[in-house]
Amino acid sequence: MAGFRDHGLKPVDQLALPHPAVTLLLEFGPRSALIDDAAGQWHGSLVAGLGTGTRRVRGEQIECVQIRLSPLIAASMLGVSLPELSDSVVPLDAVWGREAGWIREQLAETHSWTERFAIVEALLTHRGACRPSVDPELTWAWRRIRSGHGLVRIDALADEIGWTRKRLWSRFHTQFGLPPKRAATLIRFDHAVHRLAAGADPARVAAETGYADQSHLHREIVAFTGITPHAVADESWLAVDDIAWPTTPQHPR
31 MAGFRDHGLK PVDQLALPHP AVTLLLEFGP RSALIDDAAG QWHGSLVAGL
81 GTGTRRVRGE QIECVQIRLS PLIAASMLGV SLPELSDSVV PLDAVWGREA
131 GWIREQLAET HSWTERFAIV EALLTHRGAC RPSVDPELTW AWRRIRSGHG
181 LVRIDALADE IGWTRKRLWS RFHTQFGLPP KRAATLIRFD HAVHRLAAGA
231 DPARVAAETG YADQSHLHRE IVAFTGITPH AVADESWLAV DDIAWPTTPQ
281 HPR
């Protein structure tokens, strides 16, 4: 969880890159951000599912709490299956109904970020209680892919679980909204672009993150984002990513 506030010095114009998490945006400021992607435009509180789309965030006087939810818990907390959100943006009203308006009012009326984080955490905890959880085999598989930065063989995962490759593909897609190989590709991409943002040499990043060569890394980053590895490395979002998303909520940037 992180809080963001636009101080009004200049309009926000930020590229939001694909990330291996479900993103929940809770707005409560005087104006709403405009979210652009290939499918259209959205504003207000929203949910962005797992996928490969790059989105641009624009606006002024924006205040929001943004949460990245692991796919292991996202469906239970949101009350919607992840395939319904896959690679798409959905207005929060369509997911939570009146509760979306209630949480906006609560956040707007609260002047402490610590209290806002507590309100959001309490709501998500309440929503996630007594709801179906992810299969334990898939929980293990997702964590294995994440810990390996995407460098895992899907056949080997299936063997370790004791499932067939076809069953793993089917159950993974049903519960996470994308197949395991695509999840591994997304996680590898995320690891690589963070290495680039930290100043690592592209050739070394390609070699150490499982790409065939630097050209392969270049092609995949362009496919995910529409921009080059050099441009991705300069994205301010990545530069603060490890600061804005630690294990504890952060005050606004």
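Residues in the sequence shown are numbered consecutively from 31, following my numbering.
Here a beta-carbon is modelled for each residue, glycine too, at the ideal position from N, C-alpha and C.
With contacts defined as CB atoms closer than 8 Å, L99 and V52 qualify as a contacting pair. Between L216 and P101, the C-beta gap is not smaller than 8 Å, which leaves the two residues out of contact. Sorting A78, G83, R88 by C-alpha distance to the C-alpha of K40 places R88 at the top. Nearest C-alpha to V42 among G79, Q205, H179, E93: E93.
In the three-state DSSP reduction, H221 falls in the helix class (H, G or I).
Counting other Cβ atoms within 10 Å of its Cβ, E151 stays below 16 and is therefore classed as exposed. Bounds of any alpha helix (DSSP H) do not take in I97; it lies within the beta strand (DSSP E) bounded by 93-99. Around the beta carbon of Q205, 16 or more other beta carbons lie within 10 angstroms, which makes this residue buried.
Ranked by Cα distance from R86, the options I65, L55, G70 are led by I65.
Scanning its chain for C-beta atoms nearer than 8 Å, with the 5 sequence neighbours on each side dropped, one finds around V262 the residues L47, V223, L226, A227, I251, T255, L268, in chain order.
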